[in-house]
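Below is one structure; the comments refer to it alone.
Residue numbers (this note's numbering), protein chains in the order written: chain D, 494 to 701; chain R, 11 to 326; chain A, 305 to 1042.
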């Protein structure tokens, strides 16, 4: 292997924060950004778990960070911040999405359900209760995302939305393999998958 | 992520006006790739135009007997549409093999076409990459390139296009309808929508600055057996190593397009003339001129075998 | 309490609570999103500012200039900390690389700067406005090259690497003479923990006093390492970690997030929280080092091993340690003539360190393929081959050091029977199901049992509520629950009457969570404290502590009884003790065992590999909670499937980094990769392991499972892959050769 693939001097220039950005993105580098002025903000009205909240946030604030850092609803988790793990899953108008890959400003007026809205420790949602009963978690960090995703997924299944493993696109079956495929956007590194499927199956009336 | 101003527009005309006023602005719809890239400062738009409420979220039948898919139709809704399932099953299948349920609920038809490569060097702003930083070099050529392109590559870039949906759109001869910032509209055949890297890998599509995709139009249904076969290491939630979209007819004719092999969905119409001769004949013609690396040379074998598997599945 | 002789009958043996599959006591918090993780401490640090780390973009060299002016001017920025203004810091002994670079850079993405701002968005943005120039120097990044200069590593008993080499008998001579020989080389790649919660810390200073809410497996180590790094007295540091979103070894030691939050908080004059970005974790933190392993086994036609040799090469930064991949080969199979050796190369990649079952996980990935290959050469069933080579004592030490309890044969037979192993075709490629070639594979599981000193305090109040406090952590293992069960059993109360407080350095120091020692050691510490509390209660009641019975919230002696609540009174009663394990681990080999069985499908055209069925039988002493123990095993099996089929942190040998540094590039198993898993525990108690007669079970499940997958793939399709991960391109290459 050529150890000098990139000469040291060039590497020195390339490396680092802004130095790279300058090369990478000539049209809009840091020089164009307002440096001393506060960043642009946006006001957004979210209906979260039935409660309306008006937030004025930096335009860059994701829905996830708005929930966690501004509304202090920390049930939705930040696992990767890039849509690669599913820990941030929430329901927007009943549909499951990755809240890390959408801006709070884009959800003005939207109805959002987080894990806190599904149930509380003294009043568990059936999925939450089933996760406890089947030990469908270990560290717990992916768990709220798994549960919100499962809630959205079961609604999709009920509505007849097909999946990659549906033999017949017009007639997706409620099977464990369907659930595995549909839940694959929620990574559990502790590896509770087998138990998660059992919990969801129990609540969703899924055949093994 | 660099600071940006944000506005929401309600009509395509407003969107166009906003784009005219702000030449460096980007449209945001699903945001599932754009925000991903903005967080890494690979994309640094100073202004975002939120087009989610333009109403371009309908699927309508065309006078020609095809479908006009609004740019903002979400991947889930497109895959689940009754007409798509029935007449364009390959498109439904391709969509369902991509990403995750959550991402498909957000990602749009137009956004899916505009996805950028998943090359790891493109994704790491500290690395040379001609696509991200023109002229800085291609780290992938002699780096980790197992997942990267073998067809239509250049010395500047061997990135692949990550979309599954686009492969099916290419197979179906879709047309991309757009509106320029000045109001002009045009229809771009999908075959010429995505570009090869050449010496300008940072320019990925035929779109002009400020040009907005309004719809993707499907021609009338082809009939036949629709198959989308995606091959990957992980069983789900992973990009394709190789994928094949195919429509095969009973008389032995058909079409095949490939994903995971090139900077754009790869389809060689001339090769389709050989469909009756079987998968090897087609694959040989499709893969002619492939330039491989020791890490991705397997893709030629895999592409042929995947096509063979598609033929087997069609027969079954 | 010293544990230096085998346990006799004790209150745990009643098994009214212990051994029951009760739901986790923290389950309702985790499922409702109300369990607070380290970045979520608005309850205790409501005004925390946001820190963001800038990592080095070279692997080795020096920072030649640092310009933070643009970052400082950026809106919302409160402070920027680099080596130039961080104050005096030292490298903790436990760290191989420093947590803050400068001027020297030791690995890619080593932290260079911390920016503190009013918001997360501002801090992240400003971090990238820092201009850093580097002078890069040549580094070593290629293990295959570096092993040429690999050295015998220094013994490091703290890391379970007390002896780099061992030898018994005449390995070379016996191997040369053996009529059947196996000599193969296997490789395992660098792997990443990829726990779901990024490393995260909230830090706050009050004068000289530092409080750190962090995601950490080992509270006492965290205090020690912070003390060493910051050069401040131990009394001034408090570490709190009640919930940890997975660790797998990555959070055994404090990492850059903690130091960044601490330095940021000092500079900003207010609490600061920092989480590593997912893209930073792969190169900023530790990983499981890649290995190259040569295994030689010689035997006669009967399959009885005469000579077994296992050598392993791995790399690490200067001062680091080896991956002890040959260690299990010292204990697993019989054989008069044996050798193991570890060699360590210098690599300038990020710090290599423990990941779930360090040593055994990659070691068995190699050894258990070797056994499968040997079985095939011998035409002996792989299960039978392992049974023939069972040994009831430490084969290096001889019969004078028996296993405390070893039922590998029971695991093999039970697992085989449940799985339907007898249906396996010994000839590969014989079973077809549609497009799938189907094969079965198996492997033995082995993980040494480690016990660690562990303390706890147990109190009881006037309501009869038992409160346990220990700095033990629950990283998903179920510590809260097994500790509650232990205390409930000992004190004779319902588990609902037990409150468990964990993860706080103000509590007695526990074993912490690592090396699958946590559950057994920490529960034993709680046992010890409960024994003391029982004595105190008995004395107060005027009963003989030795014969008093604790049951139903009462203490009884003959026909006299008193409620614990009354005895506790308004002031309550509490006791503290420490379990110390002495001698029995020397006198007895203490290990956990199992057998994995896997059915794999290989697509006959594309070579795609999918696990279709998996199951196993495991023996790990008394199972304190079968529900959470089973979860540990299925989770480890899942991680093992990842190791077998997809996980590889790809080294860019030019830039000296792991290039696939996100969760799209570094693939770990998803739901669709994992079938139902059938797990059974053998009914076992081990009186030499602890008063609870339990052993560790948190890592056993990953040990061997990768090889079971590999062997199933071979049985399915006839391609033997010895370089992990086993991916379809390697299958296609194998077919091309046939």
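Note that beta-carbon positions come from the ideal geometry of N, C-alpha and C, so glycine has one too.
Counting only beta-carbon separations shorter than 8 Å, does residue i have a partner in chain A?
i: residue 346(R); result: Not covered by the structure: residue 346(R). The range shown for chain R is 11 to 326.
i: residue 246(R); result: yes
i: residue 562(D); result: yes
i: residue 24(R); result: no
i: residue 319(R); result: yes
i: residue 593(D); result: no
i: residue 128(R); result: yes
What residues are listed by DSSP as bridge partners for residue i?
i: residue 370(A); result: 436(A)
i: residue 901(A); result: 746(A), 919(A)
i: residue 962(A); result: 955(A)
i: residue 616(D); result: 613(D)
i: residue 1129(A); result: Examination of residue 1129(A) is not possible in this model, given that chain A is present from 305 through 1042 alone.
i: residue 598(A); result: 489(A), 615(A)
i: residue 803(A); result: 771(A)
i: residue 725(A); result: BP columns for residue 725(A) are empty, so no partner.
Quick check: is the beta carbon of residue i nearer than 8 Å to any beta carbon in chain D?
i: residue 943(A); result: yes
i: residue 115(R); result: yes
i: residue 350(R); result: Summary: the structure shown does not reach residue 350(R), with chain R confined to residues 11 through 326, and so no result is reported for it.
i: residue 1062(A); result: Here chain A has residues from 305 to 1042 only, and residue 1062(A) is not among them.
i: residue 95(R); result: yes
i: residue 217(R); result: no
i: residue 251(R); result: no
Are residue i and residue j closer than 8 Å when you measure CB to CB?
i: residue 575(A); j: residue 352(A); result: yes
i: residue 35(R); j: residue 225(R); result: no
i: residue 585(D); j: residue 608(D); result: no
i: residue 661(A); j: residue 1003(A); result: yes
i: residue 568(D); j: residue 580(D); result: no
i: residue 490(A); j: residue 597(A); result: yes
i: residue 533(A); j: residue 563(A); result: yes
i: residue 367(A); j: residue 420(A); result: no
i: residue 1012(A); j: residue 742(A); result: no
i: residue 42(R); j: residue 576(D); result: yes
At least one CB of chain R closer than 8 Å to the CB of residue i: is that the case?
i: residue 700(D); result: no
i: residue 691(D); result: no
i: residue 959(A); result: yes
i: residue 604(D); result: no
i: residue 361(A); result: yes
i: residue 674(A); result: no
i: residue 1038(A); result: no
i: residue 969(A); result: yes
Under 9 Å (Cβ pairs) to chain A, residues found in the region 674 to 689 of chain D: 674, 675, 676, 677, 678, 679, 680, 681, 682, 683, 684, 685, 686, 687, 688, 689
Please list, in chain order, the residues of the region 312 to 335 of chain A that have any C-beta partner in chain D closer than 9 Å. 325, 327, 328, 330, 331, 332, 333, 334, 335
Listed in chain order, which residues of the region 290 to 316 of chain R have Cβ atoms closer than 9 Å to some Cβ of chain A? 305, 306, 307, 308, 309, 311, 312, 315, 316
In the region 630 to 687 of chain A, which residue ranges form an unbroken beta strand (DSSP E) of at least 3 residues, counting only runs that do not cross its ends? 641 to 650
What residues in the region 626 to 645 of chain D bring their beta carbon closer than 8 Å to a beta carbon of chain R? 642, 645
Along the region 147 to 169 of chain R, what residues have a CB closer than 8 Å to any CB found in chain A? 149, 152, 153, 154, 156
Taking only runs of the alpha helix (DSSP H) that begin and end inside the region 813 to 865 of chain A, which ones reach a length of at least 4 residues, in chain order? 822 to 845
Please list the segments of the beta strand (DSSP E) lying wholly inside the region 52 to 131 of chain R, counting only runs of 3 or more residues, in order along the chain. 57 to 60, 69 to 71, 77 to 80
Near-chain R residues of the region 578 to 590 of chain D (beta-carbon distance less than 7 Å), N- to C-terminal order: 579, 582, 588, 589, 590
Alpha helix (DSSP H) runs wholly inside the region 490 to 539 of chain A, at least 4 long, in chain order: 523 to 534
Completely contained alpha helix (DSSP H) runs for the region 681 to 721 of chain A, where each covers 4 or more residues: 686 to 692
Scan the region 178 to 211 of chain R and note each continuous alpha helix (DSSP H) run of 4 residues or more that stays entirely inside, going in chain order. 200 to 203
For a minimum of 3 consecutive residues, which ranges assigned as the beta strand (DSSP E) are wholly contained in the region 537 to 607 of chain A? 541 to 544, 576 to 579, 595 to 603
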